Amino acid sequence: MECLREFRDVSGLDVNASKSSIFTAGIVNYELDGILARTEFTRGEMPVRYLGIPLAAQRLSVSDYSPLVDRIANCISKWTAKSLSFAGRLELISSVIQGVECFWLQCFPLPATVVDKIHRLCRNFL
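Residue numbers in the sequence shown follow numbering that gives the first Met the number 0, run continuously in steps of one, and reach 125 at the last position.
What follows is the structure in structure tokens.
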């Protein structure tokens with residue numbers, strides 16, 4: 000807590016304990032209980048989403064990638080209603096869909112099944 004007090008004193012910003020949680024990995028329960036007792040934070044459960052990306056202490060399952068696939072499917076369903084040329088559809092896929100896919104790939108490798116689902120959605124849209 001001393002670190003948080005120093006941060007508050009230097010920056011003028013205060014941590015809102017009601018909006019904050021502690022996420023841990025590889026820590027025994029009695030140590031975590033001690034930390035929670037000294038702070039007013041709640042214990043957060045993994046996986047948690049940060050900037051749209053699920054963070055977890057272990058390897059993500061294929062179901063953890065469903066927000067990515069759902070987001071891409073949602074974009075494509077909105078675009079399908081518009082009468083776009085082949086070049087327009089191709090440009091949307093290369094700029095938007097592949098951009099989202101690259102953002103996720105910067106964080107961790109995507110399973111082959113997820114990549115196949117994304118490519119299938121794109122092929123069907125074209």
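Where is the CB? At the ideal position from N, CA and C, for every residue including glycine. Note that the structure is predicted; figures quoted are calculated from it, not measured.
Integer-rounded CB distance, given that residue j should sit under 8 Å from residue i
i: Cys74; j: Ile96; result: 7 Å
Distance between residue j and residue i (C-alpha atoms, nearest Å)
i: Glu1; j: Leu109; result: 40 Å
i: Tyr64; j: Ala86; result: 29 Å
i: Leu12; j: Arg4; result: 10 Å
i: Glu30; j: Leu125; result: 54 Å
i: Gln57; j: Gly43; result: 15 Å
i: Pro66; j: Val99; result: 11 Å
i: Ser10; j: Ile71; result: 39 Å
Bounding residues of the alpha helix (DSSP H) (the contiguous stretch that carries residue i)
i: Ile34; result: 28 to 37
i: Leu120; result: 111 to 124
i: Pro66; result: 65 to 79
i: Arg7; result: 1 to 10
i: Arg88; result: 85 to 91
i: Leu134; result: Missing from the structure shown is residue 134; the chain here goes from 0 to 125 and no further.
Test item: CB-CB of residue i and residue j under 8 Å
i: Ile117; j: Val68; result: yes
i: Phe40; j: Ala16; result: yes
i: Val61; j: Val113; result: yes
i: Trp78; j: Leu91; result: yes
is_contact[residue i, chain C] using C-beta, thresh 8 Å
i: Ser82; result: The structure shown contains no chain C; it holds only a single protein chain.
Unbroken beta strand (DSSP E) run spanning residue i, endpoints
i: Val47; result: 47 to 49
i: Leu54; result: 52 to 54
Of the listed residues the options, nearest to residue i (C-alpha basis)
i: Cys106; options: Ala80, Leu54, Val113; result: Leu54
i: Cys121; options: Ser76, Trp103, Phe102; result: Ser76
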